[in-house]
Amino acid sequence: MRVGRNDPCPCGSGRKYKKCCMLKDIADNQSDKSDVIQSESKKQKSPRSDEIENNINRATNLMEKGEYEQSARVFRSVILMDKDNYKAITGLGKCLAEMGMSEEACKCFERALEINPNYSQAKLSLAFYDKTRFVTNG
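The sequence shown begins at 287 in my numbering and counts up by one.
Here it is, written out as structure tokens:
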């Protein structure tokens with residue numbers, strides 16, 4: 287039977303449920319849901335996901351060192367393994383932009399946002415390089 291918020295608390299304190307154990311029960315319920323989601327995502331983790339993550343980190347380090355062509359190759363290898371990896375697609379776009387290929391870069395950012403519309407790195411990069419594209423092209 288479900289306890290209403292104004293019912294006596296089932297713990298026996300004599301207080302209303304909303305003033306006693308309701309928030310704790312809500313927090314426990316949310317924690318249980320979070321645990322289920324995390325365990326499901328771990329089950330869905332592919333065996334190549336560690337390799338993909340390592341390659342993204344390697345490509346990012348290369349990009350930070352200014353080695354854009356080499357970084358782009360590594361990002362492309364990740365995309366071959368996982369065509370919907372929005373982080374790798376965004377990273378490739380950043381490399382292309384740094385190599386002066388802003389049109390191609392913007393296509394990468396747009397593709398990343400199709401996959402994950404909330405990915406802020408792709409949004410920021412598109413806003414920055416799209417603006418640059420229009421300024422340089424008139």
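For every residue, glycine included, the Cβ atom is placed at its ideal position computed from N, Cα and C.
Going by alpha carbons, who is nearest to residue i out of the options?
{"i": "A374", "options": "E389, E337, G352 and G386", "result": "E337"}
{"i": "E339", "options": "S299, R359, V364 and L412", "result": "V364"}
{"i": "G379", "options": "E396, L366, G298 and E350", "result": "E396"}
{"i": "E389", "options": "D416, K409, M308 and P403", "result": "D416"}
{"i": "Y372", "options": "N402, L348 and C297", "result": "N402"}
{"i": "R334", "options": "P296, M367, E384 and R344", "result": "M367"}
{"i": "C385", "options": "N347, E353 and A413", "result": "The sequence shown places Met at residue 385, rather than the Cys named in the question. For M385, the nearest C-alpha among the options comes from E353."}
{"i": "I342", "options": "D293, C297, C381 and N404", "result": "C381"}
{"i": "D370", "options": "L348, P294 and C394", "result": "C394"}
Taking residue i and residue j to be in contact with their CB atoms under 8 angstroms, please state how far apart those CB atoms are, rounded to whole angstroms.
{"i": "T376", "j": "Q407", "result": "5 angstroms"}
{"i": "R288", "j": "Y303", "result": "Contact flag wrong, Cβ pair sits at about 10 angstroms."}
Would you identify the three-state DSSP class for residue i, choosing helix, strand or coil?
{"i": "K351", "result": "coil"}
{"i": "K302", "result": "strand"}
Given the structure, does residue i come close to the ligand GTP, in the sense that its CB is under 7 angstroms from one of the ligand's heavy atoms?
{"i": "R359", "result": "Of the ligands one can find in the structure shown there are none, so the ligand GTP has no counterpart to examine."}
If you follow the alpha helix (DSSP H) that residue i is in, where does it begin and where does it stop?
{"i": "S388", "result": "S388 to I401"}
{"i": "G290", "result": "Segment: none, G290 is in no alpha helix (DSSP H) and carries neither H nor E."}
{"i": "K380", "result": "Y372 to E384"}
Quick one: using the 10 Å Cβ neighbour count with 16 as the cut-off for buried, is residue i buried or exposed?
{"i": "L410", "result": "exposed"}
{"i": "A398", "result": "buried"}
{"i": "C297", "result": "exposed"}
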